[in-house]
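Asker:
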Amino acid sequence: VAVRLADYTPYPFSIDEVRLEFRLNPAATQVRATLKVTPAGNGPMRLDGEALTLKSIRLAAEGAALAPLAEADYSVDEHGLTLTAPPSGPFTLETTVEISPEKNTALSGLYMSGGRFCTQCEAIGFRRITFYPDRPDVMSSFRVRIEAEKAANPYLLSNGTPGEAGDLPDGWHFAEWDDPHKKPAYLFALCAGEYDVLRDTFTTASGAHVDLGIYVDKGEAGRAAWAMDSLKRSMRWDEEAYGREYDLGVFNIVAVRDFNFGAMENKGLNIFNSAYVLADEATATDADFEAIESIVAHEYFHNWTGNRITCRDWFQLCLKEGLTVFRDQNFSADMRSRPVQRIKDVIRLRARQFAEDAGPLAHSVRPDNYAAIDNLYTATVYEKGSELIGMLRRQIGSQDFRKGMDLYFNRHDGQAVTIEDFYACFEAATGQDFSQFRRWYAQAGTPEITVEENWDEANTTLTVKLSQFTRPTNGQPVKKPVPVPLLSALLDGKGGHVAATDRAAEPFLYVLDTETAEMVFHLPAGSGRPLVSLNRDFSAPVRLTRALNRDERLALVRAETDPFNTWDGLQTLIKEEILTLADGSQKAPDLALVGAIGQAVRGAMNDPAFAALLTRLPDVGELFLEREPADPVALAAARRKLQAAIAAELSPEITETLAEPSPAPYNPGAEQASIRALRSAFILLLGGRGDAAETLHDLYRNAPNMTEQLSALRALTLSTGPGREEALADFEAQWKQNPLVMDKWFSVQAALGTADDVRRLIAHPDFDLRNPNRVRSVVAAFAMQNLAAFHAPDGSGYAAVEETILAADKANPALGARLITAFEQWRLLEPKAGAQAQACLKRLIAAGLSPNAMDIAHRALEGDA
Ligand code: ARG
Ligand code: ZN
7 VAVRLADYTP
17 YPFSIDEVRL
27 EFRLNPAATQ
37 VRATLKVTPA
47 GNGPMRLDGE
57 ALTLKSIRLA
67 AEGAALAPLA
77 EADYSVDEHG
87 LTLTAPPSGP
97 FTLETTVEIS
107 PEKNTALSGL
117 YMSGGRFCTQ
127 CEAIGFRRIT
137 FYPDRPDVMS
147 SFRVRIEAEK
157 AANPYLLSNG
167 TPGEAGDLPD
177 GWHFAEWDDP
187 HKKPAYLFAL
197 CAGEYDVLRD
207 TFTTASGAHV
217 DLGIYVDKGE
227 AGRAAWAMDS
237 LKRSMRWDEE
247 AYGREYDLGV
257 FNIVAVRDFN
267 FGAMENKGLN
277 IFNSAYVLAD
287 EATATDADFE
297 AIESIVAHEY
307 FHNWTGNRIT
317 CRDWFQLCLK
327 EGLTVFRDQN
337 FSADMRSRPV
347 QRIKDVIRLR
357 ARQFAEDAGP
367 LAHSVRPDNY
377 AAIDNLYTAT
387 VYEKGSELIG
397 MLRRQIGSQD
407 FRKGMDLYFN
417 RHDGQAVTIE
427 DFYACFEAAT
437 GQDFSQFRRW
447 YAQAGTPEIT
457 VEENWDEANT
467 TLTVKLSQFT
477 RPTNGQPVKK
487 PVPVPLLSAL
497 LDGKGGHVAA
507 TDRAAEPFLY
517 VLDTETAEMV
527 FHLPAGSGRP
537 LVSLNRDFSA
547 PVRLTRALNR
557 DERLALVRAE
567 TDPFNTWDGL
577 QTLIKEEILT
587 LADGSQKAPD
597 LALVGAIGQA
607 VRGAMNDPAF
617 AALLTRLPDV
627 GELFLEREPA
637 DPVALAAARR
647 KLQAAIAAEL
657 SPEITETLAE
667 PSPAPYNPGA
677 EQASIRALRS
687 AFILLLGGRG
697 DAAETLHDLY
707 RNAPNMTEQL
717 SALRALTLST
727 GPGREEALAD
737 FEAQWKQNPL
747 VMDKWFSVQA
757 ALGTADDVRR
767 LIAHPDFDLR
777 NPNRVRSVVA
787 AFAMQNLAAF
797 HAPDGSGYAA
807 VEETILAADK
817 ANPALGARLI
827 TAFEQWRLLE
837 PKAGAQAQAC
847 LKRLIAAGLS
857 PNAMDIAHRA
867 LEGDA
């Protein structure tokens with residue numbers, strides 16, 4: 007363990023101003039940094055620095071001129087620079103370093119992508135650009151000058167607003183940028199190169215004019231239209247929902263092909279993975295459009311939750327990420343269907359975060375130690391972090407939530423703060439005490455809630471016994487109870503709610519904040535037993551266990567008035583059914599359940615996106631959590647069996663729906679996307695039937711948009727007939743020139759094919775180890791979506807990707823580490839596959855991994871490191 011929350015101390019210097027001067031060259035870029043420094047005491051000054059070649063270092067005490075620093079007055083090591091005895095009063099420090107963007111394959115710091123310069127500084131990439139206190143609590147104002155060859159780099163961009171610009175000798179030119187807002191170094195950005203630009207403008211609520219620009223590869227500006235539209239809607243939404251306006255005259259987004267994550271919220275200059283900017287109907291699916299909308303919003307919302315108010319240290323990452331995910335999820339819910347959005351958020355949470363909680367990488371939303379900060383950008387910090395904000399708002403109500411947020415923005419604007427600071431605002435706004443609630447931030451693991459009902463017929467009294475338990479996780483053997491807000495209702499079974507003698511017939515919030523508790527409902531004499539709806543809208547991120555049989559569950563599903571619970575009730579039944587089929591205790595799918603699913607889908611046809619979700623089967627990874635040891639091969643086979651039965655049940659609806667034309671002209675908005683979601687779900691069901699090759703081929707050939715083309719390709723890839731190869735070859739020929747579409751071609755095969763397919767894909771001339779999107783489209787798609795093949799008991803799945811993981815990690819540790827998280831669930835596997843996974847992890851470690859990847863591999867292997 008390298009860093010501990012408990013060891014936090016403030017930086018003993020303030021950096022009052024930063025001046026950065028770049029002379030850009032792919033092989034050797036010069037960076038001169040001039041820092042105005044005020045010491046807070048006496049003692050050495052430590053600056054972070056990594057992979058920098060120091061060319062000159064000069065210092066000036068106040069009023070004096072810069073003079074070279076004597077060698078005895080500083081030292082440089084692998085991780086930085088120390089001034090052994092800096093002046094005790096204010097001084098200026100100037101360093102000049104040389105870096106090599108073209109050799110930077112880690113994609114952290116300044117690097118080249120598609121022949122252009124770009125940066126990624128969060129969390130600790132700025133130290134790969136210049137010597138600096140690279141920590142979020144050091145905030146300063148930045149002035150930047152960029153010089154570069156003009157022909158290759160007509161655009162020179164950085165944070166803030168543009169200043170002077172002009173030509174220089176020898177075909178060079180320069181541009182100045184000024185960011186008046188104090189910011190931590192991780193929000194610094196620079197982009198330079200040749201782009202096409204999509205421009206627009208926005209007028210803020212108070213009338214300020216903002217120039218918007220999206221910078222993309224040549225010829226791609228048209229495909230940035232949806233991102234631009236999403237940006238303007240995000241800017242308006244933050245004004246309306248939170249009263250937050252944009253605070254600069256310029257807002258730019260740059261799309262880059264090679265990027266380790268989704269996107270980055272650099273002040274005034276967001277940098278995006280091009281996958282989350284570029285879209286049109288022919289090349290992007292509705293899921294892509296939706297992701298663009300939500301990521302554009304996410305990064306934009308960071309301007310207030312992250313940039314204006316940032317984190318004191320990286321332990322507080324959820325302060326900005328959990329809150330900003332919460333904000334973007336609500337934006338998406340407002341743009342589209344709130345219940346559908348909620349269901350999708352929960353699917354993601356369960357698939358990624360519950361899995362994390364159940365394995366050796368489990369950690370709390372605010373961890374108190376880490377070895378590699380890059381490894382803390384997790385589903386727990388982001389998605390569970392968002393759930394905690396959602397619980398907070400549900401408990402105090404949206405008005406008090408807004409009050410607390412307003413106070414937070416007023417009190418801490420321009421500061422780097424902690425989770426405690428955040429909750430202090432809500433304590434001040436509501437007068438409530440959140441100390442027990444904050445346990446959610448400190449305890450890892452998913453709470454398990456057990457429900458037992460007892461109906462006293464004579465006294466018409468229903469008692470619901472609740473208990474909570476959180477399993478031990480690494481380093482946390484014993485857990486305390488957390489407050490679990492359960493949105494609940496009593497149902498009459500006819501689509502209505504029931505009143506108790508002391509309770510109106512309305513949903514209510516019950517907070518379980520002890521280990522066990524009872525809800526007691528006295529019903530009017532003569533009443534029948536009501537049904538209990540719990541954790542509506544997934545009001546708490548917990549696992550709920552209720553000892554109900556199939557018929558009781560079906561009755562509850564039919565009685566539900568909460569769309570989330572309607573969907574979730576069926577999901578639970580489906581999960582149980584797949585488990586039963588997988589363990590062999592039952593041979594054929596339960597027709598009563600299949601019929602009920604069919605009935606639910608037919609009843610939801612007027613809300614097609616919701617109907618589509620009703621046809622969904624839980625992924626194999628989700629099922630790992632339900633029964634140990636997990637046999638992915640048996641689970642995948644059982645899942646397919648049930649899918650085929652559902653397809654047969656819905657046959658008339660599938661035929662009828664797919665006979666209709668797809669909505670035209672194409673619009674990526676919610677209404678059409680919803681219709682296409684059901685069409686796609688039906689296409690996939692057809693694929694599971696195995697007797698629909700002809701139909702699927704027609705659907706593939708005539709698909710009017712990428713959403714349906716890709717669904718048909720998926721369905722065909724699932725089959726084994728000759729049509730499969732034909733469709734894959736056709737798709738490749740059609741889209742060879744478009745890397746983002748080719749990523750889909752790679753990932754469809756990796757997610758649905760065999761280990762041999764994956765070997766073939768890795769050997770394909772267009773497989774590119776340097777491009778994270780491409781690597782993920784093969785390795786992550788295989789390892790995280792194709793669990794039966796990846797965890798094959800003979801180890802063939804691991805063997806197929808082992809070398810590639812090693813090679814990816816050598817060049818790019820953030821990527822390597824992320825791929826290795828695929829092993830996090832190995833302990834849940836049946837013994838043969840588990841042993842192979844363990845052996846593979848050991849081989850990876852023995853072969854030599856980056857420190858980032860080593861951290862994941864060790865924790866995955868040993869648990870408590
Ligand atoms: N702050 C960025 C976002 O969530 C992600 C940065 C990822 N950085 C990292 N080192 N994992 O929008
Ligand atoms: Zn974020």
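Counted the way full-length UniProt numbering counts, the sequence shown spans residues 7 to 871.
Every residue, glycine too, gets a C-beta built ideally from N, C-alpha and C.
Please read all numbers here as calculations on a predicted model, not as lab measurements.
1) When the Cα atoms are used, what is the spatial distance from Arg10 to Thr586?
2) Within the same chain, show all residues whose beta-carbon is closer than 6 Å to that of Gly840, passing over the 5 residues directly before and after it, in chain order.
3) Run the proximity test for His304: is its beta-carbon closer than 7 Å to any non-hydrogen atom belonging to the ligand ZN?
4) Please name the residue, chosen from Ala450, Leu99, Gln126, that lies closest to Tyr138 on a Cα-to-Cα basis.
5) Short check: CB of Thr167 to CB of Val256, under 8 Å?
6) Assign Asp870 to one of two classes, buried (16 or more other C-beta atoms within 10 Å of its C-beta) or exposed (fewer than that).
7) May I have the straight-line CA-CA distance separating Pro857 from Ile811, to the nearest angstrom?
8) For the beta strand (DSSP E) containing Leu60, name the first residue and the last one.
9) Say yes only if the C-beta of Arg308 is nearer than 7 Å to one or more non-hydrogen atoms of the ligand ZN, and no if none qualify.
10) Quick check: does the Cβ of Thr316 come within less than 7 Å of any heavy atom belonging to the ligand ZN?
11) Following a CB-centred definition, is Thr386 positioned closer than 7 Å to any heavy atom of the ligand ZN?
12) Would Asp264 pass as a contact of Arg646 if the rule is Cβ separation under 8 Å?
13) Following the continuous alpha helix (DSSP H) through Ala752, name the residue where it begins and the one where it ends.
14) Assuming His304 and Thr330 are in contact, meaning their beta carbons sit under 8 Å apart, how far apart are those beta carbons, in whole angstroms?
15) For the ligand ZN, is there any heavy atom lying closer than 7 Å to the beta carbon of Asp327?
16) With C-beta atoms as the reference, is Gly694 less than 8 Å away from Leu724?
17) Among the candidates Met145, Thr136, Glu182, whose CA atom is the shortest distance from the CA of residue 3?
18) Inspect the beta-carbon positions of Thr663 and Arg682 and report whether they are closer than 8 Å.
19) Going by alpha carbons, who is nearest to Lys485 out of Ser494, Leu493, Gln474?
20) Would you kindly work out how many angstroms separate the C-alpha atoms of Leu89 and Arg134, rounded to a whole number?
21) In three-state terms, what does DSSP make of Asp870?
22) If I measure Cβ to Cβ from Ala859 and keep anything under 7 Å in the same chain, skipping five residues before and after, which residues do I get?
23) Looking at Glu271 and the ligand ARG, is the gap between the Cβ and the nearest heavy atom below 7 Å?
24) Please report how far the alpha carbon of Tyr804 lies from the alpha carbon of Ala112, in whole angstroms.
25) For Ile689 and Thr291, what's the separation of their Cα atoms in angstroms?
26) For Gly801 and Gln842, I'd like the C-alpha separation in whole angstroms.
27) Indicate the three-state DSSP secondary structure (helix, strand or coil) for Met525 in the structure shown.
28) Can you pull the DSSP bridge partners for Gln482?
29) Where does Arg354 sit, in a helix, a strand or coil, going by DSSP?
30) How is Asn336 classed by DSSP in three states: helix, strand or coil?
31) List the DSSP bridge partners of Ser20.
32) For the ligand ARG, I want to know if Glu56 counts as a neighbour, meaning its beta carbon is within less than 7 Å of at least one of the ligand's heavy atoms.
33) Given that a residue counts as buried once 16 or more other Cβ atoms are within 10 Å of its Cβ, and exposed if not, what is Gly759?
34) May I have the straight-line CA-CA distance separating Ile862 from Ala786, to the nearest angstrom?
35) Put Cys124 into one of helix, strand or coil per three-state DSSP.
Answerer: Judging by the given coordinates:
1) 45 Å
2) Trp832
3) yes
4) Leu99
5) yes
6) Reliability fails at Asp870, whose pLDDT of 39 lies under 50, so the model's placement of it is uncertain and no value is given.
7) 14 Å
8) 59-67
9) The question names Arg, yet the displayed sequence has His at residue 308. Yes, the Cβ of His308 comes within 7 Å of a heavy atom of the ligand ZN.
10) no
11) no
12) no
13) Sequence check: residue 752 is Phe here, not Ala. Run containing Phe752: 745-758, per the alpha helix (DSSP H) assignment.
14) 6 Å
15) Position check: residue 327 holds Glu in this sequence, whereas Asp was assumed. Yes, the Cβ of Glu327 comes within 7 Å of a heavy atom of the ligand ZN.
16) yes
17) This structure does not reach residue 3, given that the chain is present from 7 up to 871, and the question cannot be answered.
18) no
19) Gln474
20) 18 Å
21) The predicted model places Asp870 with a pLDDT of 39, which falls under 50 and marks its position as unreliable, so this point remains unresolved.
22) Asp815, Pro819, Gly822, Ala823, Ile826
23) yes
24) 24 Å
25) 14 Å
26) 5 Å
27) strand
28) Thr479
29) helix
30) helix
31) Thr44
32) no
33) buried
34) 15 Å
35) strand
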